[in-house]
Amino acid sequence: MTADARIGDHAVIGGGPAGAMLAAGLARAGRSVTLLERSDGPVHKICGEFLSWEACALLRREGVDLDALGGAAIDRLRIVAGNRSAGTPLPGTALGISRYRLDEALLTHAGRCGATIWRGTHVRALEGDMIRLADGTRLRPNRLWLATGKADVRGAARDPAGQKVTRDLVGFKLHLDLAAADRRDLARSIELHRLPDGYAGLQPIEEGRANLCLLVRDEVAVDGWEGVRAYLSRVAPALDGRLRRGRALYDQPLAISRVPYGYVDRGAAGPVRVGDQLAVIHSFTGDGMAIAIASGIAAAAIAANPEPAARKQLHNMVRKPVGRAAFLYAVLANGGMAFNAVMTVPALARMAAHLTRIA
9 MTADARIGDH AVIGGGPAGA MLAAGLARAG RSVTLLERSD GPVHKICGEF LSWEACALLR
69 REGVDLDALG GAAIDRLRIV AGNRSAGTPL PGTALGISRY RLDEALLTHA GRCGATIWRG
129 THVRALEGDM IRLADGTRLR PNRLWLATGK ADVRGAARDP AGQKVTRDLV GFKLHLDLAA
189 ADRRDLARSI ELHRLPDGYA GLQPIEEGRA NLCLLVRDEV AVDGWEGVRA YLSRVAPALD
249 GRLRRGRALY DQPLAISRVP YGYVDRGAAG PVRVGDQLAV IHSFTGDGMA IAIASGIAAA
309 AIAANPEPAA RKQLHNMVRK PVGRAAFLYA VLANGGMAFN AVMTVPALAR MAAHLTRIA
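Under this note's numbering, the first residue of the sequence shown carries the number 9, and numbering increases by one thereafter.
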């Protein structure tokens, strides 16, 4: 590669679900597209790993063979608070699938569609319409798309200023080998555990494993994972019991902080954003991966539009679901009558989920 090289019509930075589906759509439309992905192989990422029924339908429509991935079918929601629990059927059948497996499948799909995939490519910064790589190489595509998930790129950081975002949550992600009885009890279900200072989701994924995605206030996480475990033993006996009886599959959980939940890109100048670069919906909705996939597909479909128009269309697609999710989080985080109503009538949770759907 040479300095100031042109790499074709389109460059997509980031190879998660949003970037992969955007690159696939662009390539299928006959456009020259290069996807730049930092990892040189499969990696675990912090995520609830809940592929909603809408997201499953979108991927199947785009030609992705989900059945080959071996994910766990999920069609029930169980809400847990302390020692109380209540369950309700989901509106459709979702899939529990690790990002380790899903992301590789979608990158392979993008490559088969004709996209050029550069693995192990670290983007150091964006400088106007130029991409600067870690090795100093500068790339200048005709059009640039940003799909780096929750990680910002120097020169193009998201700006949530003026927005009501939730930024005081610390996220943890851990794969587990549950005890046999817990594995049977969790089969085909996702558990949403309400915590006094956050929430947690526990669900089956492929190969009989389970994924824990946990969000707590930053003051709870100040002593790291050991402090969080002590906290769970006090406030979440059902979840704590599953963790004690099971076996963690990582030495330490993955962690992330300062995620701007409720953020929506307002369409300022710069690269067109998809996925979490476009909007960050609260994890409890289970719609994060659906937004990533849907925004990538939508961006490819409107790629011929001028950048300001494309930004506006993508903004309009996500702003209402993300705003409703932020409102629901604010209501449910206070507990009291709102959460008691959901525990008493679990179908209310299913109705609320419809308000946050995007795909």
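Using N, Cα and C, we set each Cβ at its ideal position, and we do this for glycine too. Since the model is a prediction, treat every value here as computed from it, not as a measurement.
| said: Give me the residue from I21, A256, I305 with the minimum Cα distance to R127. | reply: For the purposes of this step, residue 127 is taken as the residue at position 119 of the sequence shown. Residue I21 is the option with its Cα nearest to R127.
| message | I need the straight-line Cα distance from M9 to A277, nearest angstrom please. | response | Indexing the sequence shown from 1 puts residue 9 at position 1. Indexing the sequence shown from 1 puts residue 277 at position 269. For M9, the predicted model reports a pLDDT of 46, less than 50, meaning its position is unreliable; a value from the coordinates is still stated below. Each residue's Cα considered, the two are about 28 Å apart.
| field | Start and end residues, beta strand (DSSP E) containing K83 | value | Position 75 of the sequence shown, counted from the first residue, corresponds to residue 83. Correcting the residue type first, residue 83 is Asp in the shown sequence and not Lys. Segment 80 to 89, the beta strand (DSSP E) holding D83.
| Other residues of its chain near V88: CB distance less than 8 Å, five sequence neighbours each side excluded | Residue 88 sits at position 80 when you count from the first residue of the sequence shown. Here the set comprises E199, L200, H201, R202, A244, A246, L247.
| So, helix, strand or coil for S47, using DSSP? | Start at 1 with the first residue of the sequence shown, and residue 47 comes out as number 39. Note: S47 maps to coil in three-state DSSP.
| query | Along the chain, which unbroken stretches of the alpha helix (DSSP H) at least 4 residues long are found entirely within the segment 165 to 210? | reply | 188 to 194
| With C-beta atoms as the reference, is A318 less than 9 Å away from H290? | Looking up residue 318 in the sequence shown gives position 310. Looking up residue 290 in the sequence shown gives position 282. Not in contact: A318 and H290 (Cβ atoms no closer than 9 Å).
| said: Whole angstroms are fine: how far does the CA of G206 sit from the CA of A118? | reply: Start at 1 with the first residue of the sequence shown, and residue 118 comes out as number 110. Start at 1 with the first residue of the sequence shown, and residue 206 comes out as number 198. So the alpha carbons of these two residues sit roughly 36 Å apart.
| query | What span of residues does the alpha helix (DSSP H) with P97 cover, start to end? | reply | Taking the first residue of the sequence shown as 1, we reach residue 97 at position 89. Not the alpha helix (DSSP H): P97 falls in the beta strand (DSSP E), residues 92 to 104.
| For Q58, the residue or residues it bridges with in DSSP | Counted from its first residue, the sequence shown places residue 58 at position 50. Per the sequence shown, the amino acid found at residue 58 is Phe instead of Gln. F58 pairs with G104.
| task | Name the one or two DSSP bridge partners that A31 has. | result | Translated into positions along the sequence shown, residue 31 becomes position 23. Note: A31 sits in no beta bridge, so no partner.
| query | Looking at C-beta atoms only, is the number of pairs between the segment 304 to 316 and the segment 27 to 34 that lie closer than 8 Å three or more? | reply | yes
| message | Looking at the strands, I want to know which residues DSSP matches up with W153. | response | The residue labelled residue 153 in the question sits at position 145 within the sequence shown. Answer by DSSP bridge pairing, in chain order: V20, V280.
| task | Report yes if the C-beta distance between V326 and A287 is below 9 Å; otherwise report no. | result | Here residue 326 corresponds to residue number 318 of the sequence shown, with the count starting at 1. Here residue 287 corresponds to residue number 279 of the sequence shown, with the count starting at 1. Yes, the pair counts as a contact, with Cβ atoms nearer than the cut-off.
| query | Does DSSP classify R127 as helix, strand or coil? | reply | In the sequence shown, the residue the question calls residue 127 occupies position 119. Note: R127 maps to strand in three-state DSSP.
| How would you label T116, buried or exposed, when you count the other beta carbons within 10 angstroms and need 16 or more for buried? | What you label residue 116 is simply residue 108 of the sequence shown in a count that begins at 1. Label assigned to T116: exposed.
| Reference G144, options A155, T129, G136, G157, closest by Cα | As a working note, residue 144 is residue 136 in the sequence shown. Comparing Cα-Cα distances from G144 to each of A155, T129, G136, G157, the minimum goes to T129.
| request: Using beta-carbon positions only, say whether T96 and Y337 come within less than 9 Å of one another. | output: Your numbering for residue 96 matches position 88 in the sequence shown. Your numbering for residue 337 matches position 329 in the sequence shown. Cβ atoms of T96 and Y337: not closer than 9 Å.
| request: May I ask you to verify whether the segment 209 to 220 touches the segment 170 to 186, counting CB pairs closer than 8 Å and requiring at least 3? | output: yes
| field | Residues of its chain near R109, where Cβ-Cβ distance is below 7 Å and the 5 sequence neighbours each way are ignored | value | Within the sequence shown, numbered from 1, the residue matching residue 109 stands at position 101. Around R109: L77, E214.
| With DSSP run on the structure shown, which of helix, strand or coil describes A26? | Residue mapping note: residue 26 aligns to position 18 of the sequence shown, counting from 1. Helix at A26.
| request: Find out if the Cβ-Cβ distance for the pair C221, G49 is shorter than 9 Å. | output: By one-based count along the sequence shown, residue 221 stands at place 213. By one-based count along the sequence shown, residue 49 stands at place 41. No; because the gap between Cβ atoms is not below 9 Å, this pair is not in contact.
| task | Can you grab the Cα-Cα spacing for the pair Y258 / D284, in whole Å? | result | Taking the first residue of the sequence shown as position 1, residue 258 is located at position 250. Taking the first residue of the sequence shown as position 1, residue 284 is located at position 276. The straight-line gap from Cα to Cα measures roughly 25 Å.
| From P316, G270, D193, R225, residue whose alpha carbon lies closest to that of G296 | Working through the sequence shown from its first residue, we reach residue 296 at position 288. Out of P316, G270, D193, R225, G270 has the C-alpha closest to the C-alpha of G296.
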